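**Q** Supplied in structure tokens, the structure appears directly below.
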Amino acid sequence: MKPEHAAVLPILLPLAFSLLVMFGRGVVRYQRAVVVGAMGLNLFACTWLFQWVRREDVPLEISFGGWNAPVGIAFYVDLLSATMVLVTALIAFCGALYALGDVGRRTWGASYGFFLLLLITGINGAFLTNDLFNLFVWFEVMLMASFAMMALGRRRFTIEGTTKYVVINMVSSFFLLAGLGLLYGKAGNLNLNIIAERLGSSSDDPIILTSCALLLMAFGIKAGVFPLYFWLPASYPNTGFTSAAVFGGLLTKVGVYAFFRVFGGAFAFFSELTGDIFIIVGVATMITGVLGAASQMYIRKILSFHIISQIGYLILCLGLFTKGAFAAAIFYTVHHIIVKTNLFFVAGMIAKTGRAEDLNKLGGLMRSSPLLAVLFAIPALSLGGIPPLSGFFAKLFVIQEAFEVEAYLVATAALAVGLLTLFSMTKIWSEAFWKDSPRNSPLCRFPKIQLVPVAILCSITLFLGFGVGPSYQISEQAAEQLWNQNSTMALEEETQP
């Protein structure tokens, strides 16, 4: 397989199989087989692409139709984007398996598999594109697919959450399109490499500053940062567990990825201006998210607020703006995608077993389902930062970088948020597993197929923790490529005689 072909497969495979799903609309068994098969093939293709990019240590640039930038559509596959599509493929495959036991036949028959495949297509396109307008297009594909997946429940509270989700994301799309219009008018192109070359000395241009502000707003809404996160805890808890797991693991990370690709690369010349903004926003996001989680008693609401909290760590790394901070953010992103998706999976199994999601109505699961307790403990303790799990090292790397730049208050805030995160996880443990059940009704059993994706993600969490050395080396290699793509330092070296 040629690397150029492998680079487009993460988009072509789910897109092509989504059309195959529509041929069997209403035939649930056929749709399930096609979706699981498509996600398996996609995982294989993304693994091959990741291995090639890592081995060659050279970013892969593709211009479609033989048209080079600034005319043609361009893909840029470095180790960061290859890592993101690989993790996306893993989550998509696990989500497809989990959906076999979670999503009802009626929802499958309403083309749930089609929209799941379309969502993965949009996410992969956002990770691979090197053009901001095409990033906008892939954002819209994601929005359309996620909107449909949320609305398929046909319940009143589901529609309410979906409406909030789609309205605020349409506002985000408006900000993004307006910012791109101003940027195009100034640079004459939206290719990230060309933007860096043409605007490297335009940090005081009012048009570029306005465009920068609009992009900050747009990506901030997509990522769920303070104070633009309010749509997330109102939407994710009101959709199905499979959808919530895939959304919680991946969608906000696309916004974070856009932050790093744009403001860590093409707009790196704004780092002195935006650095303090990202640090303040990152800390505020961490604190408000974890406090929101600590105040909730519904599992999915707790986990939704923790998405916000953990995003704060990633935005903080962008504010620190060091190569080590970029590496810490990449490792943290992979860890968080896997752990957060798994926690939503386990939450669905808890709700199925205990017939409730309210912690006040749960209890006794430790005795009735010890395996479920173990499956919850691994990602929960990892999210809380307990060694030697991946979450401990992810937080450690971020705090180390904060100390490196003498941001001691920031490091203290990160430590405090980690402790409050652990408090929320222990609250779920004590209420759902440890205390006696407040209800006398018999417990249900979750479908056995759901054990497979949960066990896979638990194993990877353990691997990232116990094998942190090789895992972090990949993050450092990816950060090196990102740092050198369009950073100010790289541009200065290129212009030296």
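The sequence shown lines up with residues 268 to 764 when you count with our numbering. C-beta atoms are modelled at their ideal positions from N, C-alpha and C, and glycine is treated no differently. Owing to the predicted nature of the structure, the values given are computational and were not obtained by experimental measurement.
(1) If G376 sits next to V295, beta carbons under 8 Å apart, how far is it from one beta carbon to the other, in whole angstroms?
(2) In this structure, does DSSP put A746 in helix, strand or coil?
(3) Leaving out five residues on either side along the sequence, give the residues of the same chain with a beta carbon under 8 Å from the beta carbon of L282.
(4) Helix, strand or coil for S330? Go by DSSP, reduced to three states.
(5) Can you tell me where the beta strand (DSSP E) with Y343 in it begins and where it stops?
(6) Considering only residues of the region 564-647, which uninterrupted alpha helix (DSSP H) runs meet the minimum length of 4 residues and lie entirely inside it, listed in chain order?
(7) Do you know offhand how far P494's Cα is from T552's?
(8) Name the DSSP beta bridge partners of N458, please?
(9) To the nearest angstrom, how far is it from the Cα of M416 to the Cα of G392?
(10) Can you list, in chain order, the residues of its chain whose CB lies under 7 Å from that of V548, leaving out five sequence neighbours each side?
(11) How about F730 and S738: are their beta carbons less than 9 Å apart?
(12) Alpha carbon to alpha carbon, how far is L587 from G531?
(13) Quick one: Cα of F598 to Cα of A592, how far?
(14) Applying the criterion that 16 or more other CB atoms from any shown protein chain within 10 Å of the CB defines a buried residue, is Q577 buried or exposed?
(15) Does the region 317-325 come close enough to the region 399-418 to have 3 or more Cβ pairs within less than 8 Å?
(16) If distances are taken between C-alpha atoms only, which option among V719, I462, V302 comes closest to F536?
(17) Taking 7 Å as the limit between beta carbons, can you name the residues of its chain near L310, skipping five residues before and five after?
(18) Using C-beta distances below 7 Å, list every residue in its chain close to E759, excluding the 5 sequence neighbours before and after it, in chain order.
(19) Within 10 angstroms of the Cβ of C725, are there 16 or more other Cβ atoms? Answer buried if so, exposed if not.
(20) Do V719 and L364 have their beta-carbon atoms positioned less than 9 Å apart in this structure?
(21) Please give me, in chain order, every unbroken run of the alpha helix (DSSP H) with length at least 4 that falls completely inside the region 514-543.
(22) Using CA atoms only, rank isn't needed, just tell me which of V721, G736, L687, A274 is closest to L642.
(23) Could you check the C-alpha separation between L443 and D398 for me, to the nearest Å?
(24) Does the beta-carbon of H272 have 16 or more other beta-carbons within 10 angstroms, so that it is buried, or is it exposed?
(25) Do V550 and A680 have their CB atoms nearer than 9 Å?
(26) Please state whether the Cβ-Cβ distance between Y580 and V672 is less than 9 Å.
(27) On the three-state DSSP scale, how would you describe L656?
(28) Could you have a look at R712 and say whether DSSP puts it in helix, strand or coil?
(29) Tell whether a beta-carbon distance below 9 Å holds between V521 and K568.
(30) Taking the alpha-carbon of A596 as reference, which of F527, A623, A561, L650 has the nearest alpha-carbon?
(31) From the DSSP output, in three-state form, read off V325 for me.
(32) Kindly give me the distance between the Cβ atoms of E698 and L629, rounded to whole angstroms, as I take these residues to be in contact under 8 Å.
(33) State the start and end residues of the unbroken alpha helix (DSSP H) segment that holds R373.
(34) Determine the direct distance from the alpha carbon of N609 to that of L353, and round the result to whole angstroms.
**A** The answer reads as follows:
(1) 6 Å
(2) Residue state, collapsed to three classes: helix.
(3) L384, L385, T388
(4) S330 falls in the strand class under three-state DSSP.
(5) 341-344
(6) 566-587, 590-621, 632-635
(7) 7 Å
(8) In the DSSP output, where bridge partners are listed per residue, N458 has D398.
(9) 19 Å
(10) V492, F493, I582
(11) yes
(12) 11 Å
(13) 10 Å
(14) buried
(15) no
(16) I462
(17) Around L310: A356, L357, F360.
(18) Its pLDDT being 44, under 50, E759 is placed unreliably in this model, and the coordinates cannot settle the point.
(19) Counting Cβ neighbours within 10 Å, C725 comes out buried, since at least 16 surround it.
(20) yes
(21) 519-528
(22) V721
(23) 13 Å
(24) exposed
(25) yes
(26) Contact check for Y580 against V672 fails: the beta carbons are separated by 9 Å or more.
(27) coil
(28) coil
(29) No, the Cβ-Cβ distance between V521 and K568 is not below 9 Å.
(30) With distances taken between Cα atoms, A596 lies closest to F527.
(31) coil
(32) 6 Å
(33) 372-376
(34) 16 Å
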